[in-house]
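Per my numbering, the sequence shown runs over residues 1 to 192.
Data block below; observations after.
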Amino acid sequence: ISGVCDMFDGIVSRSKKNRSLLEKRYGVQIDSLADLVSFGVLPVAIGYSLLKQAVPSESTFYKPLTFAFIFFGSLYVLAALIRLAYFNVLTEENKELNSKVFIGVPVTFSSILFPFLILIYLQLGKLWKDFKDIQWCLSPLIYLFFLMLFSFLFVYDKIKFKKQKNILYFFLSALFLTLILILLYLEMCLKK
């Protein structure tokens, strides 16, 4: 939901033509704060909830996984914060560059990746009964791996690609929504 809302907030803000420079700068800061909460803090909170659900508290892996999740989750949020702050400054300095190119992986990509990981986790548990034996440890580790990976990719300046004016993001969102609907349909068929 946050990914879809993020696609349209720019369209809505650009439709108001008579904004002052101060209002525009304020809007950029509020947008970044919303992005930090939606694409930085929320994926970590959801992943931590997955960890609490998947790993039994009496397990010997529970405390180390919890510590690792808090540590790397904090790094993930900090990397998202640094990326958003950096590009706010870059936007003010060089509007030409910022409007044409993404440097690093956009923070909003997490709105596609992390729900997809959760969906796979839930569906594999239902479709593949043997997965239940390793599910409690494997799922949080995979989620943690992607948190660590994206902490790096958010700020990695060697990754550059052209912005597609929300077309690519819209396509990926539509593809993801279609996949969710297919998996929900399969789940309903399996219950019958």
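Virtual Cβ for every residue (Gly too), placed ideally from N, Cα, C.
Since the model is a prediction, treat every value here as computed from it, not as a measurement.
- In the three-state DSSP reduction, residue 1 falls in the coil class, being neither helix nor strand.
- Taking the Cβ atoms as the reference, residue 105 lies roughly 6 Å from residue 159, within the contact range of under 8 Å.
- Given a length threshold of 3 residues, each whole run of the beta strand (DSSP E) inside the segment 27 to 105 is given here in chain order: 101 to 103.
- Counting the other CB atoms within 10 Å of its CB gives residue 85 a total below 16, which places it among the exposed residues.
- In the structure shown, the three-state DSSP call for residue 158 is coil.
- Residue 144 and residue 57 have their C-alpha atoms spaced approximately 18 Å apart.
- Taking every protein chain shown into account, the CB of residue 147 has 16 or more other CB atoms within 10 angstroms, so this residue is buried.
- In this structure, residue 36 and residue 80 form a Cβ contact; the two beta carbons are roughly 6 Å apart against a cut-off of 8 Å.
- In the displayed model, residue 14 falls within a helix according to three-state DSSP.
- In this structure, the beta-carbon distance from residue 101 to residue 76 does not fall below 8 Å.
- Distance between residue 12 and residue 28, taken at the CA atoms: about 13 Å.
- In this structure, the CA atom of residue 64 is about 27 Å from the CA atom of residue 107.
- Leaving aside the five residues that flank residue 9 on each side, the residues in its chain whose CB is nearer than 8 Å to its CB run, in chain order, 31, 34.
- With 16 or more neighbouring CB atoms inside 10 Å of its own CB, residue 103 falls in the buried class.
- CA-to-CA, the gap between residue 111 and residue 5 works out to about 11 Å.
- Excluding the 5 residues flanking it on each side, residue 142 has same chain C-beta neighbours closer than 7 Å at 117, in chain order.
- For the options 38, 151, 62, 114, the alpha carbon positioned closest to that of residue 82 is the one of 151.
- In the three-state scheme derived from DSSP, where H, G and I count as helix and E and B as strand, residue 25 is classed as helix.
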